[in-house]
Amino acid sequence: MTLYKVFYDVLADLADLFDAENRIGGHETAQELRAICGKVHTPLLPAHQVLTETIQQALTINPLPIAAKIAKVMPLIHWHSSGMVDGRIRPEISNHLATAELVGPDGMIYSEHVRVGLFAQSPNLNYVTRKHAAEETFIMLGGSAYWQVDGEDPVLGKTGDMIFHPSNTPHATITKDEPFISAWRWTGDIAYDQYTLTG
Ligand SMILES: [Fe+2]
36 MTLYKVFYDV
46 LADLADLFDA
56 ENRIGGHETA
66 QELRAICGKV
76 HTPLLPAHQV
86 LTETIQQALT
96 INPLPIAAKI
106 AKVMPLIHWH
116 SSGMVDGRIR
126 PEISNHLATA
136 ELVGPDGMIY
146 SEHVRVGLFA
156 QSPNLNYVTR
166 KHAAEETFIM
176 LGGSAYWQVD
186 GEDPVLGKTG
196 DMIFHPSNTP
206 HATITKDEPF
216 ISAWRWTGDI
226 AYDQYTLTG
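Convert by adding 35 to the 1-based position in the sequence shown; the result is the number in the numbering used here.
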């Protein structure tokens, strides 16, 4: 299979994963991804990479099947540090986070309705409390992390787990001795203007 075709295969797998979430936002996400997969597939060029070793490692820790496809198509995925947009996440944190917006207003593939992407976090890092207007779900694809939602005790998230954050719910993500990689989706108000770090 031509390499860029694997990227669309990843989008199709993400559609199935978010559909299984069984929430309206998950179904919306799946519908948007399937609409993109059903159109002519735009070829993709080699793209910007960050934290490559961390991401590759996370993809090997108790991974979901989609992880092998992501590893294969890595060179075509546009990765960046999470704080790059406007510095709202301070560098000592953002330098250890990697985000890719696969689909969305700023994504590799344009959509005005949803944002769908991948996210990886280095070991031994507290990605401190933040909140935003969008409703959000993370799906753990490999590795593990503790998720703290709305000031509750942190809960261990492992491969296959789904972590749901309603609009404007404070959340933090703490890694121990291994990294993780997840898929994420934003629905509802997907603008970044209300994104704030409070931790
Ligand atoms: Fe979030």
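Where is the CB? At the ideal position from N, CA and C, for every residue including glycine.
Because the structure is a prediction, the values reported are computed rather than measured.
State the Cα-Cα distance for the pair residue i and residue j, rounded to the nearest angstrom.
i: residue 93; j: residue 152; result: 16 Å
i: residue 79; j: residue 202; result: 33 Å
i: residue 37; j: residue 187; result: 46 Å
i: residue 168; j: residue 109; result: 29 Å
i: residue 52; j: residue 62; result: 10 Å
i: residue 54; j: residue 178; result: 22 Å
i: residue 86; j: residue 58; result: 32 Å
i: residue 83; j: residue 114; result: 6 Å
i: residue 129; j: residue 160; result: 10 Å
i: residue 68; j: residue 139; result: 10 Å
i: residue 162; j: residue 50; result: 27 Å
i: residue 71; j: residue 47; result: 9 Å
Can you say whether residue i is buried or exposed, counting buried as having 16 or more other CB atoms within 10 angstroms of its CB?
i: residue 149; result: buried
i: residue 45; result: buried
i: residue 141; result: exposed
i: residue 147; result: exposed
i: residue 64; result: buried
i: residue 190; result: exposed
Is the CB-CB distance between residue i and residue j below 8 Å?
i: residue 181; j: residue 209; result: yes
i: residue 97; j: residue 194; result: yes
i: residue 197; j: residue 225; result: no
i: residue 223; j: residue 136; result: no
i: residue 165; j: residue 131; result: no
i: residue 112; j: residue 176; result: no
i: residue 155; j: residue 133; result: yes
i: residue 104; j: residue 76; result: no
i: residue 60; j: residue 220; result: yes
Where do the N-terminal and C-terminal ends of the alpha helix (DSSP H) with residue i fall, by residue?
i: residue 88; result: 87-93
i: residue 40; result: 38-54
i: residue 136; result: Where residue 136 is concerned, there is no enclosing alpha helix (DSSP H), although the beta strand (DSSP E) it sits in stretches over 132-139.
Does residue i get closer than 8 Å to chain C when you measure Cβ to Cβ?
i: residue 111; result: Absent from the structure is chain C; it holds one protein chain and no more.
Could you spell out the range, first to last residue, of the beta strand (DSSP E) harbouring residue i?
i: residue 213; result: Premise fails: residue 213 is in no beta strand (DSSP E) and is neither H nor E.
i: residue 170; result: 170-178
Using a strict less-than 7 Å threshold between each residue's beta carbon and the heavy atoms of ligand 1, what residues do you get? 165, 167, 171, 200, 206
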